[in-house]
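*Asks:* Chains as they are written, first to last, in my numbering: chain H, 1 to 268; chain E, 269 to 632.
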Amino acid sequence: MKVALKRIAPSLSTYAAVYLVFLYLPVLLLPLFSFNDGTIVAFPLSGFTFKWYLALSGEEALLRALLNSLFVGIASATLATSLGLLAARAFARYRFPLRHASEGLVMLPLVVPGIIVASSMLVLFLFIGLKPSLAAIILGHAFLTVPFAVSIMKSAFDEFDPSIEEAALDLGESVAGTFRRVTLPVVAPGILSSMLVCFTVSFDEFVLAFFLSGNEPTLPVYIWSQIRFPAKLPNTLALGSCLLAFSILLLVLAEIFRRRSTKRGTGK
Amino acid sequence: MTSHPIVELRGVEKRYGNLAAVSNLNLALSAGEFFSLLGPSGCGKTTALRIIAGFQEPTSGQVLIDGNDMADMPANRRPTNMVFQSYAIFPHLDVGKNVGFGLSNSGLSKAERDMRVAEALEMVELGDLEDRKSDALSGGQRQRVALARALVMRPKVLLLDEPLSALDKNLRETMQLELRRLQQSVGITFVMVTHDQYEAMTISDRIGVMFEGRLKQVDAPATLYAQPASREIAAFIGGMNFLAADVLSSGEKGLGVNIRGFGKFHIARNPKVSKHGERIEVGIRPEQIGISTAEEKSDMGIEAVVRDIAFYGESIHYHVIATAADAPLSVAVPNHFHSRDFARGDKVSLDIKSTSIIDLGTME
């Protein structure tokens, strides 16, 4: 076994390296050109500058879009995580008819093409009288991020010793009190992790936001509108680099909290 | 002791579809008693305990605690507390907050609660660990925290679900004695579930033996050991040699029996056993059989050959074949260092006294 591994390893690692370069090179070009002192995005680089980053602070429409995105992200993450928490607890604790079917159904948004979801949501929302707005995007993003919330919360509950909840009941606590004093604090790292992931997904989401935003764009929608103006391109690259760094930070934090939550649930 | 039982189960039954986890369970426990439910895994003992605690509802039957019907009483309002098998220590709280968890809804002042927590921790000898994080506790310490957390509530009944099974052997033996001492000092009724017969016998005032959802015998450990109500109980508790015997005479107190290949004996009638046909089964505990060299054989001695030897440290078990009966027997002798040992193939003489033969009733 060991011998076989040694023989295969060099070609496999070359493959992996090529694969990673192919995946991430375009992404790395983003920060590279955001520091380039020139409006044309092409080699050779013409000098190092921070001016595109400095220019970002002056763009009022951009700041507004940023605030919209933060608001939508926080609201939809809260909504999705609340739903995910309850669903995950039900999946982990109870046996009920169609449990497996409903677990699958909850994961469906992951595989349905975004454009289909977006257009059908637009139709649905117009039908029930909900105009394209931030509220519409919040609902759409909550739908989209529930699968992430459910799977993160499920891993938090998988490691959760059910007798901890029974112990709280046994010590005279009410059902609601047990949820508040034991269940929530024990899965708190999972909740935080789910919030961060859902927020990041919502923050980066374009298709749904594009369909459902009225005159209040989210950041990705705003960036798309700016890309048509070549002079604004370096600005957009700087903004994109900031978002990239921010997203990576959030996902790393989310993973740290998720691991902490699995470690802590056992109570043994 | 109060006149009525502190815990009473009347015809308690728990069914899952066609499967009966517990059937027709009748039991009365007196106040201040240490009671153990003993049985192999899956015999329904944990279900019975959870029914008393209120975590599971009986399909039929009644649970009374201190004379009150618990039918509509949820777990969080019952005067019982439980020590869980996994201990179920709250991972986000330190030792003091774990122990004080149940007192926060009690209406006691902060000072009183702190005093009760300190007292409970003192009781389990964890006085100096009040601020310890729960993930920094050893197995034995977790067990003590779980005990303190339940005892601080001053329940009428303390329920323990395999409380020592997660501990290693030495710690388990220490905790057995300590659990017993603790129970006697607080005077609370303890109901413990265990699959370990030695643990049950060491700690309990009385033991209830369960098989396949049914309570088969309830007795003090010594009675259970000396007068098991059936072959399966005799086999489950301690070692036992089983032999078939023909009943020659049957009196009020005793039975005259012929154990083939061993001779005639007059044995005591086992009051726990109901039926006596012409043929009964008798049991002899391995440590009740005397063993000596064949040369020392008395008139009553039974000839046998040593087939296997198992060394247990404090005792030695000889597996022998009784020559006349061609029956395998197990004989246990204490390890008196320097005493004469037997080797495989040795001819020996067995000494069986009438008083050590246990009547197990009609052969099934």
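Cβ coordinates follow ideal geometry from the N, Cα and C atoms, glycine included.
Using DSSP bridges, identify the partner residues of LYS401 of chain E.
*Replies:* Here the question's residue 401 of chain E lines up with position 133 in the second sequence. BP columns for LYS401 of chain E point to E:ASP362.
*Asks:* Does the distance from the C-beta atom of ASN336 of chain E to that of LEU169 of chain H stay below 8 Å?
*Replies:* Translated into positions along the second sequence, residue 336 of chain E becomes position 68. Translated into positions along the first sequence, residue 169 of chain H becomes position 169. Note that the C-beta distance between ASN336 of chain E and LEU169 of chain H is not below 8 Å.
*Asks:* Counting only beta-carbon separations shorter than 8 Å, does ALA167 of chain H have a partner in chain A?
*Replies:* The structure shown contains no chain A; its protein chains are H and E.
*Asks:* Of all the alpha helix (DSSP H) runs that stay within the bounds of the stretch 61-116 of chain H, which reach a length of 4 or more residues?
*Replies:* The alpha helix (DSSP H) runs lying completely inside the stretch 61-116 of chain H and spanning 4 residues or more are 99-107, given in chain order.
*Asks:* Between SER102 of chain H and chain E, is the shortest Cβ-Cβ distance under 8 Å, so that the two count as touching?
*Replies:* Residue numbering aside, residue 102 of chain H sits at position 102 when the first sequence is read from its first letter. No - not a single Cβ of chain E is within 8 Å of the one on SER102 of chain H.
*Asks:* Report back the beta-carbon spacing between ILE501 of chain E and ILE552 of chain E to the nearest angstrom; my notes put them in contact at under 8 Å.
*Replies:* Mapped onto the second sequence, residue 501 of chain E falls at position 233. Mapped onto the second sequence, residue 552 of chain E falls at position 284. Their Cβ separation, rounded to whole angstroms, is 15 Å, which puts ILE501 of chain E and ILE552 of chain E out of contact at 8 Å.
*Asks:* Since SER617 of chain E is in the beta strand (DSSP E), which residue starts that stretch and which ends it?
*Replies:* The sequence position of residue 617 of chain E within the second sequence is 349, counting from 1. That run of the beta strand (DSSP E) goes 615-619.
*Asks:* Leaving aside the five residues before and after GLY210 of chain E along the sequence, list all residues of the same chain whose C-beta is less than 8 Å from its C-beta, in chain order.
*Replies:* This structure does not reach residue 210 of chain E, given that chain E is present from 269 up to 632, and the question cannot be answered.
*Asks:* Mapping the DSSP letters down to three states, classify SER291 of chain E as helix, strand or coil.
*Replies:* Within the second sequence, the letter at position 23 stands for residue 291 of chain E. SER291 of chain E falls in the strand class under three-state DSSP.
*Asks:* If the cut is a Cβ gap below 9 Å, which residues of chain H does ARG417 of chain E touch?
*Replies:* Here residue 417 of chain E refers to the residue found at position 149 of the second sequence. Result: ALA167 and LEU171.
*Asks:* Residue range of the beta strand (DSSP E) that LEU394 of chain E falls in?
*Replies:* On the second sequence, residue 394 of chain E is found 126 positions in, with the first residue counted as 1. Taken as a continuous stretch (DSSP letters only), LEU394 of chain E belongs to no beta strand (DSSP E), as it is neither H nor E.
*Asks:* Would you say GLY408 of chain E reaches chain H, if we count a Cβ-Cβ gap shorter than 8 Å as a contact?
*Replies:* Taking the second sequence and counting its residues from 1, one reaches residue 408 of chain E at position 140. It does not; no Cβ of chain H falls within 8 Å.
*Asks:* Taking 7 Å as the limit between beta carbons, can you name the residues of its chain near ILE191 of chain H, skipping five residues before and five after?
*Replies:* Stepping through the first sequence from its first residue, residue 191 of chain H is reached at position 191. Answer for ILE191 of chain H: THR81 and LEU85, listed in chain order.
*Asks:* Contact check, PHE148 of chain H vs VAL201 of chain H under 8 Å by CB: the rounded distance?
*Replies:* In the first sequence, counting from the first residue as 1, residue 148 of chain H sits at position 148. In the first sequence, counting from the first residue as 1, residue 201 of chain H sits at position 201. Their Cβ separation, rounded to whole angstroms, is 6 Å, which keeps PHE148 of chain H and VAL201 of chain H in contact under 8 Å.
*Asks:* Put LYS532 of chain E into one of helix, strand or coil per three-state DSSP.
*Replies:* Indexing the second sequence from 1 puts residue 532 of chain E at position 264. Reduced to three states, the DSSP call for LYS532 of chain E is strand.
*Asks:* At which residues does the alpha helix (DSSP H) containing LEU450 of chain E begin and terminate?
*Replies:* Here residue 450 of chain E refers to the residue found at position 182 when the second sequence is read from its first residue. Here the alpha helix (DSSP H) through LEU450 of chain E covers 437-454.
*Asks:* Less than 8 Å separating the beta-carbons of THR218 of chain H and VAL21 of chain H?
*Replies:* Within the first sequence, the letter at position 218 stands for residue 218 of chain H. Within the first sequence, the letter at position 21 stands for residue 21 of chain H. No; because the gap between Cβ atoms is not below 8 Å, this pair is not in contact.
*Asks:* Short of 8 Å in beta carbon distance, which residues of its chain neighbour ILE456 of chain E, apart from the five on each side in sequence? Order them along the chain.
*Replies:* Within the second sequence, the letter at position 188 stands for residue 456 of chain E. Within the same chain, ILE456 of chain E has close Cβ partners GLY300, LEU419, ARG422, PRO423, LYS424, VAL425 and LEU426.
*Asks:* In terms of alpha-carbon separation, which member of E:PHE358, E:TYR284, E:PRO326 and E:PHE302 lies closest to PHE179 of chain H?
*Replies:* As a position in the first sequence, residue 179 of chain H is number 179, starting the count at 1. For PHE179 of chain H, the nearest C-alpha among the options comes from E:PHE358.
*Asks:* Are the Cβ atoms of ARG417 of chain E and LEU184 of chain H separated by less than 8 Å?
*Replies:* Reading the second sequence from its first residue, position 149 is the one you call residue 417 of chain E. Reading the first sequence from its first residue, position 184 is the one you call residue 184 of chain H. Going by C-beta atoms, ARG417 of chain E is not nearer than 8 Å to LEU184 of chain H.
*Asks:* Does DSSP classify VAL41 of chain H as helix, strand or coil?
*Replies:* If you number the first sequence from 1, residue 41 of chain H lands on position 41. Of the three classes helix, strand and coil, the one that applies to VAL41 of chain H here is coil, per DSSP.
*Asks:* Using the beta-carbon count (16 or more within 10 Å), is LYS2 of chain H buried or exposed?
*Replies:* Here residue 2 of chain H corresponds to residue number 2 of the first sequence, with the count starting at 1. A caution first: LYS2 of chain H carries a pLDDT of 47, below 50, which makes its placement in the model unreliable, though a value can still be read off. Answer is exposed; the Cβ neighbour count stays below 16.
*Asks:* Counting only Cβ pairs nearer than 8 Å, list the residues of chain E close to ASP158 of chain H.
*Replies:* Here residue 158 of chain H refers to the residue found at position 158 of the first sequence. Near ASP158 of chain H there are no residues of chain E at all, since even the closest Cβ is about 15 Å away, more than 8 Å.
*Asks:* Excluding sequence positions up to five away, which residues of its chain have a Cβ less than 6 Å from the Cβ of SER193 of chain H?
*Replies:* As a working mapping, residue 193 of chain H is identified with position 193 in the first sequence. Same-chain partners within the cutoff: ILE152, ALA254, PHE257 and ARG258.
*Asks:* Which of the three DSSP states is assigned to ILE577 of chain E in this structure?
*Replies:* Translated into positions along the second sequence, residue 577 of chain E becomes position 309. Residue state, collapsed to three classes: strand.
*Asks:* Are ASN603 of chain E and SER617 of chain E close, meaning C-beta to C-beta below 8 Å?
*Replies:* Within the second sequence, the letter at position 335 stands for residue 603 of chain E. Within the second sequence, the letter at position 349 stands for residue 617 of chain E. Against a cut-off of 8 Å, the Cβ pair of SER617 of chain E and ASN603 of chain E comes out as no contact.
*Asks:* How about GLY569 of chain E and LEU306 of chain E: are their beta carbons less than 8 Å apart?
*Replies:* In the second sequence, residue 569 of chain E corresponds to position 301, counting from 1. In the second sequence, residue 306 of chain E corresponds to position 38, counting from 1. Cβ atoms of GLY569 of chain E and LEU306 of chain E: not closer than 8 Å.
*Asks:* Within the continuous alpha helix (DSSP H) that includes ILE557 of chain E, where are the two ends?
*Replies:* Taking the second sequence and counting its residues from 1, one reaches residue 557 of chain E at position 289. That residue, ILE557 of chain E, is in no alpha helix (DSSP H); it is neither H nor E in DSSP.
*Asks:* When we look at the beta-carbon of ARG93 of chain H and count the other beta-carbons within 10 Å, is it buried (16 or more) or exposed?
*Replies:* Residue mapping note: residue 93 of chain H aligns to position 93 of the first sequence, counting from 1. ARG93 of chain H should be labelled exposed.
*Asks:* Please state if the CB of PHE33 of chain H and the CB of ARG89 of chain H are separated by a distance shorter than 8 Å.
*Replies:* To locate residue 89 of chain H, count along the first sequence from 1; it is residue 89. To locate residue 33 of chain H, count along the first sequence from 1; it is residue 33. No. Outside cutoff.
*Asks:* Within the 8 Å Cβ cut-off, does GLY267 of chain H reach chain E?
*Replies:* For the purposes of this step, residue 267 of chain H is identified with residue 267 of the first sequence, where counting begins at 1. Low confidence applies to GLY267 of chain H: its pLDDT is 41, below 50, so where it sits in the model is not reliable, and the reading given next is rough at best. Cβ-Cβ to chain E under 8 Å: yes for GLY267 of chain H.
*Asks:* Only counting the same chain, and skipping five residues up and downstream in sequence, which positions put a Cβ closer than 8 Å to that of ALA231 of chain H?
*Replies:* For the purposes of this step, residue 231 of chain H is identified with residue 231 of the first sequence, where counting begins at 1. Around ALA231 of chain H: THR39.
*Asks:* Since ALA296 of chain E and PRO273 of chain E should fall inside the 8 Å C-beta cutoff, what is the C-beta to C-beta distance between them, to a whole number of angstroms?
*Replies:* For the purposes of this step, residue 296 of chain E is identified with residue 28 of the second sequence, where counting begins at 1. For the purposes of this step, residue 273 of chain E is identified with residue 5 of the second sequence, where counting begins at 1. Distance from ALA296 of chain E to PRO273 of chain E at the Cβ level is roughly 4 Å; contact confirmed, criterion being Cβ atoms closer than 8 Å.
*Asks:* Is DSSP giving MET153 of chain H helix, strand or coil here?
*Replies:* Here residue 153 of chain H refers to the residue found at position 153 when the first sequence is read from its first residue. MET153 of chain H: helix per DSSP, three-state reduction.
*Asks:* To which residues of the same chain is LYS521 of chain E closer than 8 Å at the C-beta, ignoring the five residues directly before and after it?
*Replies:* Within the second sequence, numbered from 1, the residue matching residue 521 of chain E stands at position 253. These residues qualify, in order along the chain: ALA536 and ARG537.
*Asks:* Identify, in the order they occur along the chain, each residue of the same chain with its Cβ nearer than 7 Å to the Cβ of GLU213 of chain H, setting aside the five sequence neighbours on each side.
*Replies:* Translated into positions along the first sequence, residue 213 of chain H becomes position 213. The sequence shown places Ser at residue 213 of chain H, rather than the Glu named in the question. Excluding sequence positions up to five before and after SER213 of chain H, its CB lies within less than 7 Å of the CB of PRO132, ILE137 and VAL221, all in the same chain and listed in chain order.
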